[in-house]
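Participant: Just passing along the structure, written as structure tokens.
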Amino acid sequence: MSIPPPLASAGGGARRRPKNLPSLPMSAFSPPNTGTSDMFPMPPTPSAVFPESIVDAHATPATLAELREEGAARLLADKVKGVVLVLDGDGKAKTSEEVEAALAQLQIDFPVLSVLVPFSLSAPPPAAGGVPASAKYPTTLYTTFNETAPQDAAAMAKTLRWALQTARVVDIDVQGDAMANDAADRFVALLTDATEGMQASPPTIVLSNVCPPPHDLSLPIVKLMNHPTYRAYQSQTATLSFFPKLHIKFTPPSWGAPLPPRGTPSDPGEEALEWKRRIKMYIGPVLEAFGYERIIFGTAPSPANASLNNASVFMDWYALVRESFAELAVEQEAIDAVFAENARRVYGTGAPSSS
Numbered sequence: 001m002s003i004p005p006p007l008a009s010a011g012g013g014a015r016r017r018p019k020n021l022p023s024l025p026m027s028a029f030s031p032p033n034t035g036t037s038d039m040f041p042m043p044p045t046p047s048a049v050f051p052e053s054i055v056d057a058h059a060t061p062a063t064l065a066e067l068r069e070e071g072a073a074r075l076l077a078d079k080v081k082g083v084v085l086v087l088d089g090d091g092k093a094k095t096s097e098e099v100e101a102a103l104a105q106l107q108i109d110f111p112v113l114s115v116l117v118p119f120s121l122s123a124p125p126p127a128a129g130g131v132p133a134s135a136k137y138p139t140t141l142y143t144t145f146n147e148t149a150p151q152d153a154a155a156m157a158k159t160l161r162w163a164l165q166t167a168r169v170v171d172i173d174v175q176g177d178a179m180a181n182d183a184a185d186r187f188v189a190l191l192t193d194a195t196e197g198m199q200a201s202p203p204t205i206v207l208s209n210v211c212p213p214p215h216d217l218s219l220p221i222v223k224l225m226n227h228p229t230y231r232a233y234q235s236q237t238a239t240l241s242f243f244p245k246l247h248i249k250f251t252p253p254s255w256g257a258p259l260p261p262r263g264t265p266s267d268p269g270e271e272a273l274e275w276k277r278r279i280k281m282y283i284g285p286v287l288e289a290f291g292y293e294r295i296i297f298g299t300a301p302s303p304a305n306a307s308l309n310n311a312s313v314f315m316d317w318y319a320l321v322r323e324s325f326a327e328l329a330v331e332q333e334a335i336d337a338v339f340a341e342n343a344r345r346v347y348g349t350g351a352p353s354s355s
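Numbering (UniProt numbering), first residue to last: 1 to 355.
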């Protein structure tokens, strides 16, 4: 009786011999040529994604003047369906009479969702108690937080708590590098102390000048992702998102340079491309932590941003932000929310223009 030859070992030559895998046809990587192609949606083309309407949630008299100019600004102005107007941010509290006097000097061509009236975090709550009012427009409160200024943490928390209990919305312009580790911890502590006991009905807070945060443009973008400042930004963004009704206002950054001029489809401009690369890196953590429902578009830079003096800040910033979000392949719903719907939800529908 003959003995059959042994089977090849799995660890022997059989394993070393390559298998002839079947090749997939190119049609496997394409949607079928039938009516089911809508099951394979393509991402939107950035050049074709535009908001249905625009609400400038951080507007100044300079912004309003720019939109009255002829040409492209005037065409874009037709899409602006409302503004949130920032009064002179000198840090001093204003009375109702001073608010009315300031508004009387302005030509306002758009519906005003709200007027941001300044108050000082370093001063005690005003004796009058309420939010300075306007006969024409809704008002809310606006202040600045500067990490380098002398501070009494307990007194600031008391004043901020008054503002949160008094106004339906409180805007805070965060000046300096408050997203760095130590400064951010103190700022989060301020918010925590001021909102203590408000968990059942959390106040609405809107932060500006934190996204994009202050940044050194000389730092190569290839080093930015692993840089300690970017790591701190990611961490602090996640921490801030735990305040349930805290929103991020996307305003021109303090990067020590004016905004790059707008390019054209055939020549987008290298400087604008570089800014968009960095902006998208800062959008990512905010989208992940907050979702698009808590991001609001605004065009006025921080009062501390003296380097940004673009005559066309609205047009230049709008182009950068729209293209950056579109290139991240966000849906039309997200674009509409960031550029208008979130501001309407936070500030209200406002009052008609004065013109």
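Using N, Cα and C, we set each Cβ at its ideal position, and we do this for glycine too.
Given the structure is predicted, the values throughout are model-derived calculations rather than measurements.
When burial is assigned at 16 or more other CB atoms within 10 Å of the CB, is Leu164 buried or exposed?
Facilitator: The residue in question, Leu164, is buried, as its Cβ has 16 or more Cβ neighbours within 10 Å.
Participant: I'd like to check one pair, Thr299 with Ala135: are the Cβ atoms closer than 8 Å?
Facilitator: No, they are not a contact pair.
Participant: I'd like to know if the region 103–114 and the region 141–157 are in contact, where contact means that at least 3 CB-CB pairs between them fall below 8 Å.
Facilitator: Too few Cβ pairs lie closer than 8 Å, so no.
Participant: Of the choices Leu191, Glu147 and Gln175, whose alpha-carbon is the least far from that of Lys158?
Facilitator: Ranking the options by Cα distance to Lys158, first place goes to Leu191.
Participant: On the CB-based measure, 16 or more other CB atoms within 10 Å of its CB, does Gly284 come out buried or exposed?
Facilitator: Result: exposed.
Participant: How should Asn342 be labelled, buried or exposed, when 16 other C-beta atoms within 10 angstroms of its C-beta is the threshold for buried?
Facilitator: Buried, since its Cβ has 16 or more Cβ neighbours within 10 Å.
Participant: If you drop the 5 nearest sequence neighbours on each side, which residues of the same chain put their C-beta closer than 8 Å to that of Ile221?
Facilitator: Correct list, in chain order: Glu274, Arg277, Arg278 and Met281.
Participant: If you reduce the DSSP assignment to three classes, tell me which class Lys81 lands in.
Facilitator: Strand.
Participant: Suppose you measure from the CA of Leu259 to the CA of Pro228; what does that come to, to the nearest Å?
Facilitator: Using only the alpha carbons, I get a separation of about 25 Å.
Participant: Which word fits Ser218, buried or exposed, when buried means at least 16 other C-beta atoms lie within 10 angstroms of its C-beta?
Facilitator: By the 10 Å Cβ count, Ser218 comes out exposed.
Participant: Please go through the same chain and pick out, in chain order, the residues whose beta-carbon is closer than 6 Å to the beta-carbon of Trp255, but skip the five residues on each side of it.
Facilitator: So the qualifying residues of the chain are His215 and Leu217.
Participant: Which value, in whole angstroms, describes the spacing of the CA atoms of Ala101 and Thr63?
Facilitator: Taking the straight line joining both Cα atoms gives about 19 Å.
Participant: Can you tell me which of the three DSSP states Val115 falls into?
Facilitator: Val115: strand per DSSP, three-state reduction.
Participant: With a threshold of 8 Å between beta carbons, is Glu69 in contact with chain B?
Facilitator: The question asks about chain B, but that chain is absent: this structure has only one protein chain.
Participant: Relative to the C-alpha of Asp193, which residue among Ala167, Val206, Met156 and Val169 is closest?
Facilitator: Answer by Cα proximity: Met156.
Participant: Within 10 angstroms of the Cβ of Ala272, are there 16 or more other Cβ atoms? Answer buried if so, exposed if not.
Facilitator: Result: buried.
Participant: Can you tell me whether Thr95 is buried or exposed? The criterion is at least 16 other CB atoms within 10 Å of its CB, across all chains shown.
Facilitator: Counting Cβ neighbours within 10 Å, Thr95 comes out exposed, since fewer than 16 surround it.
Participant: Who are the Cβ neighbours of Pro51 in its own chain at under 8 Å, not counting the five residues just before and after it?
Facilitator: Correct list, in chain order: Lys79, Arg322, Ile335, Asp336, Val338, Phe339 and Ala340.
Participant: So, at 7 Å on beta carbons, what are the nonlocal neighbours of Glu293 in its own chain, with the 5 sequence-adjacent residues on each side left out?
Facilitator: Counting only Cβ-Cβ distances below 7 Å, and skipping sequence neighbours, we find Ala337 and Asn342.
Participant: Rounding to the nearest angstrom, what Cα-Cα distance links residue 442 and Glu327 in this structure?
Facilitator: Residue coverage of the chain in this structure runs from 1 to 355, which leaves residue 442 outside it and unanswerable.
Participant: Measuring CA to CA, which of Pro125, Ala127 and Asp88 is closest to Leu116?
Facilitator: Per the Cα distances, Asp88.
Participant: Compare the C-alpha of Lys245 against each of Ala200, Pro268 and Ala48 and name the closest.
Facilitator: Answer by Cα proximity: Ala200.
Participant: Indicate whether Val55 and Val83 have their beta-carbon atoms separated by less than 8 Å.
Facilitator: In this structure, Val83 lies closer than 8 Å to Val55 by Cβ.
Participant: Is the distance from the Cβ of Gln175 to the Cβ of Ser302 below 8 Å?
Facilitator: Yes, the pair counts as a contact, with Cβ atoms nearer than the cut-off.
Participant: Looking only at DSSP bridge pairs, what is Asp171 linked to?
Facilitator: DSSP lists Tyr142 and Val206 as partners of Asp171.
Participant: Between Arg161, Phe297, Asn226 and Asp267, which lies nearest to Lys249 when the distance is taken from Cα to Cα?
Facilitator: Comparing Cα positions, the closest option is Phe297.
Participant: Kindly indicate the opening and closing residues of the beta strand (DSSP E) around Ile108.
Facilitator: Element bounds for Ile108: n/a, residue is neither H nor E.
Participant: Please classify Asn226: is it buried, with 16 or more other beta-carbons within 10 angstroms of its beta-carbon, or exposed?
Facilitator: Exposed, since its Cβ has fewer than 16 Cβ neighbours within 10 Å.
Participant: Leaving out five residues on either side along the sequence, give the residues of the same chain with a beta carbon under 7 Å from the beta carbon of Thr239.
Facilitator: Contacts found: Val188.
Participant: Is Thr237 near the ligand ATP, going by C-beta to nearest heavy atom under 7 Å?
Facilitator: Only the bare structure without any ligand can be found here, which leaves the ligand ATP out of the picture.
Participant: Where does the unbroken alpha helix (DSSP H) through Val313 begin, and where does it stop?
Facilitator: It spans Val313 to Glu327 - the alpha helix (DSSP H) in which Val313 sits, taken as one unbroken run.
Participant: Can the beta-carbon of Val346 be found less than 8 Å from the beta-carbon of Pro252?
Facilitator: For Val346 and Pro252, no; Cβs fall outside 8 Å.
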